[in-house]
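Top to bottom, those sequences are chains A and B.
If you read the first sequence in our numbering, its first letter stands for residue 157, the second for the next number, and so on.
If you read the second sequence in our numbering, its first letter stands for residue 157, the second for the next number, and so on.
Number of protein chains: 2
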Amino acid sequence: MKSPLDPPGRLLLGPGPSPVDPSVLDALAKPVLGHMDPEFVAIMDQTSDRLRSVFRTRNPLTFPVSGTGSAGMEASMINVLEPGDSIVIGVNGVFGARMADAAGRAGAKVTLVEAPWGEPIDPEALGSAVRSVNPKAVALVHAETSTGAQSPVDLVRREIGPAPLLIVDSVTSLAGIALEVDKWGIDVCFSGTQKCLSVPPGLAPITFSPRAAQAIADRTTPVQSWYLDVSMLRKYWEEGDGGRTYHHTAPVSMVYALWEGLRLVLEEGLEDRWARHQEVGEFLQQELTDLGFKLYAKAGCRLPQLTSVTLPKGVDDNLRGRLLNDFDIEIGGGLGEGAGKVWRIGLMGFGAKRANAIRLVQSIRALVS
Amino acid sequence: MKSPLDPPGRLLLGPGPSPVDPSVLDALAKPVLGHMDPEFVAIMDQTSDRLRSVFRTRNPLTFPVSGTGSAGMEASMINVLEPGDSIVIGVNGVFGARMADAAGRAGAKVTLVEAPWGEPIDPEALGSAVRSVNPKAVALVHAETSTGAQSPVDLVRREIGPAPLLIVDSVTSLAGIALEVDKWGIDVCFSGTQKCLSVPPGLAPITFSPRAAQAIADRTTPVQSWYLDVSMLRKYWEEGDGGRTYHHTAPVSMVYALWEGLRLVLEEGLEDRWARHQEVGEFLQQELTDLGFKLYAKAGCRLPQLTSVTLPKGVDDNLRGRLLNDFDIEIGGGLGEGAGKVWRIGLMGFGAKRANAIRLVQSIRALVS
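Written out as structure tokens, the structure is:
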């Protein structure tokens, strides 16, 4: 039986997972503590504090869900929504549609506000839907990983008014572009670890505003999931009268990795990190345009950390396999409407470096010339 | 900001997480691959193969759920049960009750068959309940982590007959005591990584018999969870017509750790590992009895890998804190009925060593003398 494990060292320039800083890998391998050990509880508290800084929020209820980003998405939907509740969801790609799927399974009445792939959700269209159905919540994806388009969350709250809870998927935006949970009036914001945080996949950072926490406390039906029930999870992640209450065994090693990944984000400075993503992403987009690729997302809404392109003549989707095998570079193919026609290239977190963009562009050039 | 992360090196002798072999920690820190990388898919396949060996099953549908053991529990319940389905659940501790909670949230009609804490579930009582309510499924915990008692799963199938699906929680039993998924007629078996597999917490190995897989395929209602929907998860973990279908981003590093942890189990040999747990557990139980502790679980059903004891006069539950702080040894307190009165001591996986039992007993003796 082959041992030890020996995965090749890929340069991860797909839509995630992104490259991981060596100090985060070191943190993963630290001695495991018990999930109720006071030393681990201190690490949990520091992790929540750092998440608040990165989410730009003062929400007490802020912690990582013990699953990947999609578990955070599901936790958002099923805790906020009760059967029969109404929600308006912006859909302009795979991940908006996924939220609608989860909300439907939770028994909610779902109203979709759609936009073409590669374009942002229109805040006015969300506002109009809200005035029409008076929903409990509005949800949208800040940075659509399937298309490379961002939606103007800051304008959404203005259009939908103060009433609905605002749920935002920040899986690909957190720590990569400006995101202001409190300033923008976001009530529930979830993310993943494996994008601009540059931590391996496995946890879903999430934050709930006091208003969202109250809505959960006011439920009259149980949350359909035991594992993702925030009314129980909060007793483990927050200090209560009797200390911490065991719920499930936290994924200790992954929390270590997140702790360290967040430390690196804050050491760099959130705004400097946003600027780095912006600069490197623009550089790549110019280079790819020069090579004959067309940018897929509409001008004005392009994510710097995730560039989507349509392929020029002479460039086949199968080249991705040669990039992987001959150059050890992973990039992503298209999802849904973009399958076979679109490439998705991430310059995220630790990977958002001009040298990585240059290595990719040179490799593509070598393959197509 | 303190860096690097520097958790103390505890000897983990609680009910889990258990001590982790250094080679598993090394695996955690290997370079991250993309979740669709062919090299990672090969690791996934090897992981499923190894899980089949450890579960003693030929079930094709065998993989780790991307969450902790409780996520595996929930996945079992919500995929097998549709609203209105009937299930009989054996409850003799916290984890049986947890299954009942999850089944109830799934809309199932739940019939409990209870046994006193510290005692096994009576297979005849399950059989009698099955004849009375004719359920779709029967569920019980093989090794109750809250009490240290095991239930005779091998006898359960005989008593309940061939009709109901049999769901077994093997969180604390897998790789610690005999467990025979196919031979015993188990249809759904879930576990956790942080007990006798000695891998950090974060994944839930699970296996479904062809009959259970068919029951899921025959559902007329969607599974309430998107994240844990096995009909979608199987398209990622099993090779289909078009290869693998992306569902969520797998927790790559944790899969590495499980891959390596399973390799160590199979290198040792499953039956040798069971024997090691038996020998070391019996040694500890004799030593603790000599010290004046009373074994909490009933004779004949005591788990070797998890010893529960009631405290003798002069031994206070607070001593656990001194064991942790002064001796760097973690043991567990009681849950539920046992809170404040019971200690739970795990000798699991890499931690199931006579030297660890001796170190614990000497430390307790030093504290109480």
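For glycine and all other residues, C-beta sits at the position ideal for the given N, C-alpha and C.
Would you mind giving the Cβ-Cβ distance between residue i and residue j, rounded to the nearest angstrom? I have them listed as a contact below 8 Å.
i	j	result
S387 of chain A	I234 of chain A	Not really, about 12 Å apart at Cβ, beyond 8 Å.
P173 of chain B	R500 of chain B	With a Cβ gap of about 13 Å, P173 of chain B and R500 of chain B do not count as contacting.
L169 of chain B	I485 of chain B	6 Å
R313 of chain A	W340 of chain A	6 Å
D338 of chain B	R214 of chain B	6 Å
Y412 of chain B	R400 of chain B	About 18 Å separates the two Cβ atoms, so there is no contact after all.
A508 of chain B	R432 of chain B	6 Å
L480 of chain A	L523 of chain A	With a Cβ gap of about 11 Å, L480 of chain A and L523 of chain A do not count as contacting.
L440 of chain A	L503 of chain A	6 Å
V498 of chain B	S464 of chain B	6 Å
A185 of chain B	A185 of chain A	4 Å
E195 of chain B	P164 of chain A	6 Å
Taking the alpha-carbon positions, what's the residue i to residue j distance?
i	j	result
I243 of chain B	K265 of chain B	6 Å
L462 of chain A	V176 of chain A	17 Å
L353 of chain A	W415 of chain B	25 Å
V471 of chain B	G425 of chain A	51 Å
L296 of chain A	Q350 of chain A	20 Å
A259 of chain A	G246 of chain A	12 Å
G240 of chain B	A256 of chain A	25 Å
I487 of chain B	G505 of chain B	15 Å
V355 of chain B	S409 of chain A	10 Å
D162 of chain A	D482 of chain A	18 Å
R510 of chain A	G492 of chain A	29 Å
D201 of chain B	G317 of chain A	50 Å
S302 of chain B	F251 of chain B	7 Å
G489 of chain A	H191 of chain B	13 Å
R429 of chain B	T328 of chain B	14 Å
F211 of chain B	A406 of chain B	22 Å
S284 of chain A	L467 of chain A	36 Å
D325 of chain A	S209 of chain B	39 Å
E423 of chain A	Q434 of chain A	18 Å
D385 of chain B	H404 of chain B	11 Å
Take the Cβ of residue i as the centre, count every other Cβ of all protein chains shown within 10 Å, and call the residue buried at 16 or more, exposed below.
i	result
Q442 of chain A	exposed
E427 of chain B	exposed
I514 of chain B	exposed
A198 of chain B	exposed
T376 of chain A	exposed
D343 of chain B	buried
R458 of chain A	buried
A183 of chain A	buried
E395 of chain B	exposed
E336 of chain B	exposed
R261 of chain B	buried
N248 of chain A	buried
R166 of chain A	buried
E300 of chain B	buried
S536 of chain B	What is shown of chain B runs 157 to 525, which leaves residue 536 of chain B out entirely.
R521 of chain B	exposed
D205 of chain B	exposed
N474 of chain B	exposed
P160 of chain A	exposed
M157 of chain A	Unreliable placement is indicated for M157 of chain A, whose pLDDT of 49 sits below 50; the coordinate value is still reported in the next sentence. M157 of chain A comes out exposed.
N290 of chain B	exposed
S525 of chain B	exposed
A495 of chain B	exposed
If we call anything under 8 Å between Cβ atoms a contact, is residue i one with residue j?
i	j	result
A305 of chain B	E280 of chain B	no
S179 of chain B	L444 of chain B	no
L207 of chain B	T224 of chain B	no
F346 of chain A	A231 of chain A	yes
G358 of chain B	G228 of chain B	no
I277 of chain A	S307 of chain A	yes
S226 of chain A	Y452 of chain B	no
K292 of chain A	L237 of chain A	yes
P361 of chain B	P220 of chain B	yes
E315 of chain A	L268 of chain A	no
L321 of chain B	A371 of chain B	yes
V517 of chain B	L447 of chain B	yes
I323 of chain A	V286 of chain A	no
Would you check whether the ligand HEM has a heavy atom nearer than 7 Å to the C-beta of residue i?
i	result
N512 of chain A	This structure lacks the ligand HEM; in fact it carries no ligand of any kind.
_Could you tell me which whole alpha helix (DSSP H) segments of length 4 or greater appear in the stretch 443–488 of chain A?_
The stretch 443–488 of chain A contains these whole alpha helix (DSSP H) runs: 475–483.
_List, from N- to C-terminal side, the beta strand (DSSP E) runs of 3 residues or more that fit wholly inside the stretch 199–239 of chain B._
Correct list: 217–221.
*Which residue spans inside the stretch 371–424 of chain B form an unbroken alpha helix (DSSP H) run of at least 4?*
With a minimum length of 4 residues, the continuous alpha helix (DSSP H) runs that stay inside the stretch 371–424 of chain B are 386–393 and 408–424.
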